[in-house]
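Sequential numbering from 643 applies to the sequence shown in the numbering used here. Note that the Cβ used here is the ideal one computed from N, Cα and C, for glycine as well. Note that the coordinates shown come from a computational prediction; the quantities given were computed from them, not determined experimentally. Report on one structure; see the data block that follows.
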Amino acid sequence: MDFGLLVLRVVVGLVVAAHGSQKAFGWFGGGGMKGTTAMTVRLGFRPAPAWALMVIAGELGGGLFMALGLLDPLGPLGVAATMVVAALTVHRTKGFWASKGGYEFPLTLLAVAVGAALMGAGRYSLDGALGVRLPQALDGALVAVTALVLLAGFLTRRPAPAPQPATT
C-alpha cells in the first residue's frame with residue numbers, strides 16, 4: 643500500500659508541479675508569471691497578482707510537497723484547491739472530456755490529491771523518513787482555511803467584460 647501511494651504521489655505531484663513551473667517560470671511552453679496574472683484577470687480573481695501567486699503555490703509548491711510526501715497534507719491540499727478552481731472556472735463549461743477542454747483531467751488530479759491527503763504521505767515519504775507529522779487538529783484547520791480562501795475568491799470574482807466589437 644505504501645509503495646502504491648508513493649507512485650500516485652510522485653507521478654501526480656510532478657505532473658502538477660510541471661504545470662506550476664509553466665505558470666511560475668514559463669517553462670514547458672507556459673506563460674510565466676505575466677501569463678498567469680493575465681489568466682487570473684480573465685477569470686475575474688482580484689487582486690490578480692495575489693491569486694496568480696496562489697495558483698503557482700498550489701501547483702508548483704503543492705505538487706512538489708505532494709511528490710516528496712513533505713508536511714502532508716499541505717501538498718495534496720494545494721493541488722486539490724487549484725484543481726477545484728481549474729475545474730470550475732476554466733473547464734466546466736467545456737463538458738467532461740479533456741479532449742474538448744473539459745474537466746476530466748483536473749477532476750482526476752483532484753481525486754488523487756484528496757485520496758493522498760486522506761491516506762497520509764505513507765512510509766516512503768520525507769515525512770516518514772524524518773518522522774514528521776503535522777498535528778491532526780492543524781489538518782482540519784488547514785482544510786477550513788483553504789475552503790474559506792476559495793469561497794472568498796469565488797464570491798468576490800468579477801469576470802472581465804467581454805471585448806466589444808470595434809465600431810467605425
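Query, Result
"contact_flag[the stretch 746–760, the stretch 650–670] where n(CB pairs < 8 Å) is 3 or more", "yes"
"Proximal residues to W669 (C-beta, below 6 Å), its chain only, five neighbours per side dropped", "S663"
"Touch test, the stretch 735–747 against the stretch 675–682, Cβ-Cβ under 8 Å, three pairs minimum", "no"
"Span of the alpha helix (DSSP H), counted from its first residue to its last, around D644", "D644 to F667"
"Segment limits, alpha helix (DSSP H) that includes K676", "G674 to L685"
"DSSP-derived helix/strand/coil call for A763", "coil"
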